[in-house]
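What follows is a set of notes on a single structure, which appears directly below.
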Amino acid sequence: MGIQVVSGQKVILTESLESASKFIFKMEIENRFKGTFDMDLFAVNIEKNAIANKENIVFYNNVKDIGKSILYSEVYDYEIFEKKIDLDIRLLPEATDKIVMAATLYRNLHHADKDKETGFTFSAVNKTTGLKIFTLKGSIPANGKETLVLGEVYRYKDTWRFNTVNNYSDENLLGVLNNIYNAKVY
Amino acid sequence: MAVSLQKGQKVDLTKGNPGLTKIMVGLGWDTNKYDGGHDFDLDAAAFLTDENGRVTSDLDFVFYNNLQHPSGSVVHQGDNLTGEGEGDDEQILVDLSLVPQNISKIAFTVTIHDADVRGQNFGQVSNAFIRVVNEATGIELIRYDLGEDFSIETAVVVGELYRHGGEWKFNAIGSGFQGGLAALCRNFGVNV
Numbered sequence: 001m002g003i004q005v006v007s008g009q010k011v012i013l014t015e016s017l018e019s020a021s022k023f024i025f026k027m028e029i030e031n032r033f034k035g036t037f038d039m040d041l042f043a044v045n046i047e048k049n050a051i052a053n054k055e056n057i058v059f060y061n062n063v064k065d066i067g068k069s070i071l072y073s074e075v076y077d078y079e080i081f082e083k084k085i086d087l088d089i090r091l092l093p094e095a096t097d098k099i100v101m102a103a104t105l106y107r108n109l110h111h112a113d114k115d116k117e118t119g120f121t122f123s124a125v126n127k128t129t130g131l132k133i134f135t136l137k138g139s140i141p142a143n144g145k146e147t148l149v150l151g152e153v154y155r156y157k158d159t160w161r162f163n164t165v166n167n168y169s170d171e172n173l174l175g176v177l178n179n180i181y182n183a184k185v186y
Numbered sequence: 001m002a003v004s005l006q007k008g009q010k011v012d013l014t015k016g017n018p019g020l021t022k023i024m025v026g027l028g029w030d031t032n033k034y035d036g037g038h039d040f041d042l043d044a045a046a047f048l049t050d051e052n053g054r055v056t057s058d059l060d061f062v063f064y065n066n067l068q069h070p071s072g073s074v075v076h077q078g079d080n081l082t083g084e085g086e087g088d089d090e091q092i093l094v095d096l097s098l099v100p101q102n103i104s105k106i107a108f109t110v111t112i113h114d115a116d117v118r119g120q121n122f123g124q125v126s127n128a129f130i131r132v133v134n135e136a137t138g139i140e141l142i143r144y145d146l147g148e149d150f151s152i153e154t155a156v157v158v159g160e161l162y163r164h165g166g167e168w169k170f171n172a173i174g175s176g177f178q179g180g181l182a183a184l185c186r187n188f189g190v191n192v
């Protein structure tokens with residue numbers, strides 16, 4: 001079942017650095033308006049020196065990072081669009097500071113009535129046990145926002161955690177990485 | 001050099017600093033850039049309690065609307081509405097020699113103003129700290145950095161001064177509450 005999280009909420013993924021390390025982060029987008037809305041899911045590995053190697057930005061056009069610690073997959077169904085990030089924490093490079101999970105928002109302007117919006121859920125599952133850890137529910141507004149930062153997977157002491165951000169931005173993903181995370185992409 | 005504390009750690013304040021009576025308690029924090037369209041307004045406060053952790057009067061709650069305890073022992077230096085800038089965001093002065101004998105503890109807290117309405121919590125606050133400074137010399141005596149142990153809490157008891165064997169000690173508490181200032185007031189017995 002898992003918990004439903006809100007902005008600012010922190011969730012422990014691993015109780016110790018030796019415990020389970022494989023997680024699935026899944027985004028499900030309602031296709032209520034038949035292709036009018038979509039979200040592209042990104043996982044960005046930001047290193048401790050605030051640098052993001054573009055080969056470690058994983059999304060539909062780059063489905064794995066250099067170390068194959070982050071893998072992307074997607075399924076387009078008639079009712080639900082499903083985007084998935086498989087994360088194996090043990091394979092992350094030592095230089096990793098955090099993995100930013102974000103989505104860019106798409107709407108077909110010819111069909112995106114300003115009164116419409118569509119819902120999505122973003123959830124995390126422990127791949128070893130199959131148990132859902134948390135769910136974040138939200139919506140794609142019909143206009144305005146470009147990017148949604150869902151959250152960050154980060155290391156704190158001997159644990160890996162997820163920090164729920166759930167913050168919409170007017171900027172594109174690169175702008176968010178530059179201005180929110182002071183990260184340089186190379 | 002200041003003693004750096006871990007959560008739950010207790011240290012002597014006056015025993016190791018003979019003659020110390022006037023201290024400044026500084027509290028600071030940083031808020032992240034995901035403000036959800038609202039500014040963060042964090043408020044520091046002090047609760048002067050008996051040995052059971054309860055106030056004996058609502059005036060034992062010193063905060064932005066009651067800046068000074070009737071005894072003059074605890075004085076809040078005023079509300080900082082934005083938390084911008086380096087160093088302390090809010091400061092509370094304590095004259096230990098003026099603390100009434102029926103007061104056993106002085107708890108220092110931070111709450112987020114209008115947290116529920118603004119959708120804010122301590123998971124969106126980082127680098128929070130409390131420090132105790134010798135007011136006469138400006139020397140920092142104690143520092144407690146709270147780390148990232150908070151999540152959806154909207155109020156935090158950061159630390160407390162307490163009497164022990166005729167001396168004052170400091171306890172790094174770092175306990176979070178949901179329910180904001182109202183929950184804290186109920187915890188300490190203040191009528192809300």
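So the sequences go chain by chain: A and B. Just so you know, we're using full-length UniProt numbering here: the first sequence kicks off at 1 and counts up by one. Just so you know, we're using full-length UniProt numbering here: the second sequence kicks off at 1 and counts up by one. Quick reminder that beta carbons are idealized off the backbone N, C-alpha and C, glycines included. Since the model is a prediction, treat every value here as computed from it, not as a measurement.
Have a look at the DSSP bridge pairing and note the partners of aspartate 43 of chain B.
On the second sequence, position 43 is the one that residue 43 of chain B refers to. DSSP, once it has assigned bridges, lists B/Thr111 as partnering aspartate 43 of chain B.
If we ignore side chains and look at the alpha-carbon of each, how far apart do tyrosine 64 of chain B and glycine 180 of chain B end up?
Position 64 of the second sequence, counted from the first residue, corresponds to residue 64 of chain B. Position 180 of the second sequence, counted from the first residue, corresponds to residue 180 of chain B. For tyrosine 64 of chain B and glycine 180 of chain B, the distance between alpha carbons rounds to 15 Å.
So the candidates are B/Ala46, B/Glu167, B/Glu90 and B/Asp145; which of them puts its Cα closest to the Cα of aspartate 12 of chain B?
Start at 1 with the first residue of the second sequence, and residue 12 of chain B comes out as number 12. It is B/Glu167.
Is the CB-CB distance between asparagine 31 of chain A and tyrosine 78 of chain A below 9 Å?
By 1-based counting over the first sequence, the position of residue 31 of chain A is 31. By 1-based counting over the first sequence, the position of residue 78 of chain A is 78. Yes, they are a contact pair.
Assuming contact is defined by CB atoms lying nearer than 9 Å, are aspartate 97 of chain A and lysine 48 of chain A in contact in what I supplied?
For the purposes of this step, residue 97 of chain A is taken as the residue at position 97 of the first sequence. For the purposes of this step, residue 48 of chain A is taken as the residue at position 48 of the first sequence. Contact flag set, yes.
Could you tell me whether the Cβ atoms of valine 11 of chain A and isoleucine 133 of chain A are closer together than 9 Å?
For the purposes of this step, residue 11 of chain A is identified with residue 11 of the first sequence, where counting begins at 1. For the purposes of this step, residue 133 of chain A is identified with residue 133 of the first sequence, where counting begins at 1. Closer than 9 Å, so yes.
Entirely within the stretch 30-84 of chain A and at least 4 residues each: give me those alpha helix (DSSP H) ranges in chain order.
The qualifying runs do not exist here; there are none.
Going by the CB atoms, is the gap between glycine 174 of chain B and aspartate 149 of chain B shorter than 9 Å?
Position 149 of the second sequence holds residue 149 of chain B. Position 174 of the second sequence holds residue 174 of chain B. In contact: aspartate 149 of chain B and glycine 174 of chain B (Cβ atoms closer than 9 Å).
I need the boundaries of the alpha helix (DSSP H) containing leucine 181 of chain B, first residue and last residue.
Residue numbering aside, residue 181 of chain B sits at position 181 when the second sequence is read from its first letter. Taken as a continuous stretch (DSSP letters only), the alpha helix (DSSP H) holding leucine 181 of chain B covers 180-188.
I'd like to check one pair, valine 62 of chain B with isoleucine 130 of chain B: are the Cβ atoms closer than 9 Å?
On the second sequence, position 130 is the one that residue 130 of chain B refers to. On the second sequence, position 62 is the one that residue 62 of chain B refers to. Contact flag unset, no.
Any heavy atom of the ligand FAD within a distance shorter than 8 Å of the CB on threonine 14 of chain A?
Among the ligands in the structure shown, none appear at all, so the ligand FAD cannot be discussed.
Give, in chain order, every unbroken run of the beta strand (DSSP E) that is at least 3 residues long and sits entirely within the stretch 90-144 of chain A.
Listed in chain order, they are 96-107, 117-126 and 132-141.
Does the Cβ-Cβ distance between histidine 76 of chain B and isoleucine 92 of chain B come in under 9 Å?
Translated into positions along the second sequence, residue 76 of chain B becomes position 76. Translated into positions along the second sequence, residue 92 of chain B becomes position 92. Yes, Cβ-Cβ distance for histidine 76 of chain B and isoleucine 92 of chain B is below 9 Å.
Note the first and the last residue of the continuous beta strand (DSSP E) segment covering asparagine 163 of chain A.
Counting from 1 along the first sequence, the entry for residue 163 of chain A is found at position 163. Note, asparagine 163 of chain A: beta strand (DSSP E), 159-169.
Output, in chain order, the set of chain B residues within a Cβ distance shorter than 7 Å of glutamine 4 of chain A.
Counted from its first residue, the first sequence places residue 4 of chain A at position 4. Result: empty, since nearest Cβ-Cβ is about 11 Å, beyond 7 Å.
In the DSSP assignment, the alpha helix (DSSP H) including valine 158 of chain B goes from what residue to what residue?
As a working note, residue 158 of chain B is residue 158 in the second sequence. Taken as a continuous stretch (DSSP letters only), valine 158 of chain B belongs to no alpha helix (DSSP H), being part of the beta strand (DSSP E) at 155-164.
Glutamate 3 of chain A: buried (16+ other C-beta within 10 angstroms of its C-beta) or exposed?
Stepping through the first sequence from its first residue, residue 3 of chain A is reached at position 3. It is worth fixing the name first, because residue 3 of chain A is isoleucine in this sequence and not glutamate. Looking at its Cβ environment, which holds fewer than 16 other Cβ atoms inside 10 Å, isoleucine 3 of chain A is exposed.
Could you name the residues that DSSP lists as bridge partners for aspartate 95 of chain B?
The residue you call residue 95 of chain B lines up with position 95 of the second sequence. According to DSSP, which records beta bridges pairwise, aspartate 95 of chain B is partnered with B/Lys22.
Beta carbon of valine 185 of chain A, beta carbon of asparagine 62 of chain A: below 9 Å?
Walking along the first sequence from the start, residue 185 of chain A turns up at place 185. Walking along the first sequence from the start, residue 62 of chain A turns up at place 62. Their beta carbons are not under 9 Å apart, which means valine 185 of chain A does not touch asparagine 62 of chain A by this criterion.
Run through the DSSP bridge pairs and tell me what phenylalanine 61 of chain B is partnered with.
Start at 1 with the first residue of the second sequence, and residue 61 of chain B comes out as number 61. In the DSSP output, where bridge partners are listed per residue, phenylalanine 61 of chain B has B/Phe47.
Just mark serine 16 of chain A as buried or exposed, buried being the case when its beta carbon has 16 or more other beta carbons within 10 Å.
On the first sequence, position 16 is the one that residue 16 of chain A refers to. With fewer than 16 other Cβ atoms within 10 Å, it is exposed.
Which bits of chain A does serine 151 of chain B rub up against, with CB to CB less than 7 Å?
By one-based count along the second sequence, residue 151 of chain B stands at place 151. Gly8, Gln9 and Lys10, listed in chain order.
What residue does the alpha helix (DSSP H) around glycine 175 of chain A start on, and which one ends it?
As a position in the first sequence, residue 175 of chain A is number 175, starting the count at 1. Looking at the DSSP string, the run of the alpha helix (DSSP H) that includes glycine 175 of chain A is 173-179.
Within 10 Å of its beta-carbon, does alanine 50 of chain A have 16 or more other beta-carbons around it, so buried, or fewer, so exposed?
Sequence index remark: in the first sequence, residue 50 of chain A carries index 50 (1-based). Exposed: under 16 other Cβ atoms inside 10 Å.
Determine the closest residue to lysine 26 of chain A out of A/Arg155, A/Ile46 and A/Phe42, with distance taken between C-alpha atoms.
As a position in the first sequence, residue 26 of chain A is number 26, starting the count at 1. Considering only alpha carbons, the answer is A/Phe42.
Straight-line CA distance for leucine 5 of chain B to alanine 128 of chain B?
Indexing the second sequence from 1 puts residue 5 of chain B at position 5. Indexing the second sequence from 1 puts residue 128 of chain B at position 128. Approximately 13 Å, taken between the alpha carbons.
Going along the stretch 117-140 of chain B in order, which residues come within less than 9 Å of chain A, judged by CB to CB distance?
Correct list: Gly119, Gln120, Asn121, Phe122, Gly123, Gln124 and Val125.
Based on the DSSP output, what are the partners of threonine 14 of chain A in its beta bridges?
Translated into positions along the first sequence, residue 14 of chain A becomes position 14. Bridge partners of threonine 14 of chain A: A/Trp160.
When burial is assigned at 16 or more other CB atoms within 10 Å of the CB, is alanine 186 of chain B buried or exposed?
For the purposes of this step, residue 186 of chain B is identified with residue 186 of the second sequence, where counting begins at 1. Just to set this straight, residue 186 of chain B is arginine in the shown sequence, not alanine. Exposed, because fewer than 16 other Cβ atoms sit within 10 Å of the Cβ of arginine 186 of chain B.
According to DSSP, is aspartate 86 of chain A helix, strand or coil?
The residue given as residue 86 of chain A occupies position 86 in the first sequence. The answer is strand: DSSP assigns aspartate 86 of chain A an E or B state.
With DSSP as the reference, label aspartate 88 of chain B as helix, strand or coil.
Position 88 of the second sequence holds residue 88 of chain B. If DSSP states are grouped into helix, strand and coil, aspartate 88 of chain B belongs with coil.
Is there a Cβ of chain B sitting closer than 9 Å to that of threonine 147 of chain A, yes or no?
Sequence index remark: in the first sequence, residue 147 of chain A carries index 147 (1-based). Not closer than 9 Å to any Cβ of chain B, the Cβ of threonine 147 of chain A fails to qualify, so no.
Since isoleucine 180 of chain A meets chain B, which of its residues come closer than 7 Å, beta carbon to beta carbon?
Here the question's residue 180 of chain A lines up with position 180 in the first sequence. The contacting residues are Lys33.
With a Cβ-Cβ cutoff of 9 Å, do phenylalanine 122 of chain B and valine 99 of chain B count as a contact?
Reading the second sequence from its first residue, position 122 is the one you call residue 122 of chain B. Reading the second sequence from its first residue, position 99 is the one you call residue 99 of chain B. No, the pair does not count as a contact, with Cβ atoms beyond the cut-off.
Report buried or exposed for residue 206 of chain B, applying the criterion of at least 16 other Cβ atoms within 10 angstroms of its Cβ.
The structure shown has nothing for residue 206 of chain B, since chain B only spans 1 to 192.
Can you pull the chain B residues whose beta carbon is under 9 Å from the beta carbon of alanine 31 of chain A, in chain order?
Along the first sequence, one-based indexing puts residue 31 of chain A at 31. Reading off the sequence, residue 31 of chain A comes out as asparagine, not alanine. Near asparagine 31 of chain A there are no residues of chain B at all, since even the closest Cβ is about 27 Å away, more than 9 Å.
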